[in-house]
Amino acid sequence: MNIFLSADHHHHNPPFEILDGRVVPYAETPQRVAIILAALAEAGFAPPIVASPATIADLAAIHTADYLEYLANGSARWQAAGLSAPVFPSAWPLPGLRLRSDCPQAAAGRYTFDLSAPITAGTFTAACSAAGAALAGAAALLAGNTSAYALCRPPGHHAAAAMAGGYCYLNNAALAADYLARSQTSGDATWALRSPTVAVLDIDYHHGNGTQSIFYERNDVLTVSLHADPAYEYPYYLGYADERGAGAGEGYNLNFPLPAGIDDAGYLKALDQALQAIADYGPRYLVVSAGFDTFAGDPLGGFALTTEAYRTIGRSITQLGLPTLIVQEGGYALEALGANVVALLQGVSTA
């Protein structure tokens, strides 16, 4: 299995976030990557391949030009206005409000939907590096590899076409899925009439609202997510079972909201249902948004999965027989993160 690394991830390291009304240390830290790399090396995986950063042209496949310009330059404009870094919004353009102002404070609310995606001078550099790792992993599948792992940081599945949030700025998994889907259209013009080209399976604790929104009206990418029920958990406003897609994408979005405290047995039963649905749709490629905040005791989670569950998840995914890209998302129980990632990848590699 080729492993692709976002080597510039350390440029993004905000000092704090605002969670449930409290200023707390930023949980999505560079230490996460160091822990995973050490665990992979100890387990005997090949050294990672440093991926080239994604270009603006790469990112424009799913993200809007104005949003990319904001990510690239918003921090500099914020500091030039005499505001304290990092960039945090304090007001949002809710329905009924107008989007006229281009001042730094207004832009922060326009392009960020919560208080867990502060923007620093190095955020865009790090995010481009993460996106490049995901795209390199997708290219590896096209080159004939059966599996690849993109160690992306910052993560991406909460990022929409023009919105950051939930530690996410660029949607790494969606970029990879879109790249794979577009690579197939020239070779078989009738394929899109028969089946989605790519399935995205999101197994993070939190619903991948950004990924869902990007593909919601498309039928070339099937999106499937197992996550904490948004009736009680972030991101609250998307992730319900009745969200099935719209327009051409109707029927191509499947959500499996799960109850708090679910254990290995309950989770794996739901996973089997999700994997059967993917098999029924018959895609050519699989992209997995792999979050490990489903682990028992994760500070930002509420499930009760064990390390061994991730090994079983990996084996189950591999039974689909699809070229598979694993894209790193969440996971904040640092004492177990490395072992959990290794278990998943070993499951994929040895099934």
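At position 40 of the sequence shown (counting the first as 1) the number is 34 in our numbering, and the numbers step up by one without a gap.
Ideal Cβ placement from N, Cα and C applies to all residues, glycine included.
6 Å Cβ shell around residue i - same chain, five flanking residues per side excluded
i    : result
A156 : T58, Y61
G160 : S110, H152
R212 : G243
A37  : V336
A327 : F289, G291, D292
H4   : P24
A45  : F(-2), G126, A127, A130
A186 : Interpretation of A186 is limited by its pLDDT of 46, a score under 50 that renders its predicted location unreliable; the figure taken from the coordinates is listed afterwards. Closer than 6 Å at the Cβ level, and outside the excluded window around A186, lie D214.
L93  : P87
D172 : A55, I56
Segment limits, beta strand (DSSP E) that includes residue i
i    : result
Q322 : 318 to 322
D196 : 192 to 196
L77  : First-last for L77: undefined, no H or E at that position.
L265 : Segment 258 to 275 is the alpha helix (DSSP H) holding L265; no beta strand (DSSP E) there.
I12  : 10 to 13
Per-residue DSSP class, three states only, for residue i
i    : result
P41  : coil
Y105 : helix
N213 : coil
V342 : helix
P89  : coil
A327 : coil
P19  : strand
A284 : strand
P242 : It should be noted that the sequence gives Ala, not Pro, for residue 242. Three-state result, A242: helix.
L252 : strand
L299 : strand
Y279 : strand
N7   : coil
I113 : strand
Identity of the residues DSSP links to residue i by a beta bridge
i     : result
N(-4) : A142
C162  : G159
F154  : This sequence places Ala at residue 154; Phe is not what is there. DSSP output for A154 lists M157 as bridge partner(s).
D223  : DSSP output for D223 lists no bridge partner at all.
I307  : According to DSSP, I307 bridges with nothing at all.
N247  : T217
Close beta carbons around residue i, own chain, < 7 Å, minus the five adjacent residues each side
i    : result
T184 : With a pLDDT of only 47 at T184, under 50, the local geometry of the prediction cannot be trusted, and no value is derived from it.
S177 : L136
Nonlocal neighbours in the same chain, by C-beta distance under 8 Å from residue i, ignoring five residues either side
i    : result
L224 : Reading the sequence as shown, one finds Pro at residue 224 and not Leu. So the list reads H201, Y230, Y231, L232, G233, Y234, P251, once near-sequence residues are dropped.
G68  : V81, P98, A101, A102, Y105, I113
L262 : A303, T306, I307, S310
P42  : I(-3), F(-2), L(-1), L31, L34, L145
Span of the alpha helix (DSSP H), counted from its first residue to its last, around residue i
i    : result
T67  : The question names Thr, but residue 67 in the sequence shown is Asn. Residues 59 to 74.
L34  : 25 to 36
L346 : In the structure as shown, the chain begins at -5 and stops at 345. Residue 346 is therefore absent and cannot be evaluated.
L135 : 117 to 136
CB contact check: residue i to chain D, cutoff 8 Å
i    : result
T117 : Looking for chain D here will not work: only one protein chain is present.
Cβ contact check for the segment 16 to 30 and the segment 142 to 149: 3 or more pairs under 8 Å: yes
Three or more C-beta pairs below 8 Å linking the segment 115 to 129 and the segment 44 to 54: yes
Contact between the segment 310 to 317 and the segment 265 to 277 (3+ Cβ pairs under 8 Å): yes
Cβ pair count under 8 Å reaching 3, the segment 322 to 337 against the segment 295 to 304: yes
The segment 86 to 105 in contact with the segment 2 to 18 per 3-pair CB rule at 8 Å: no
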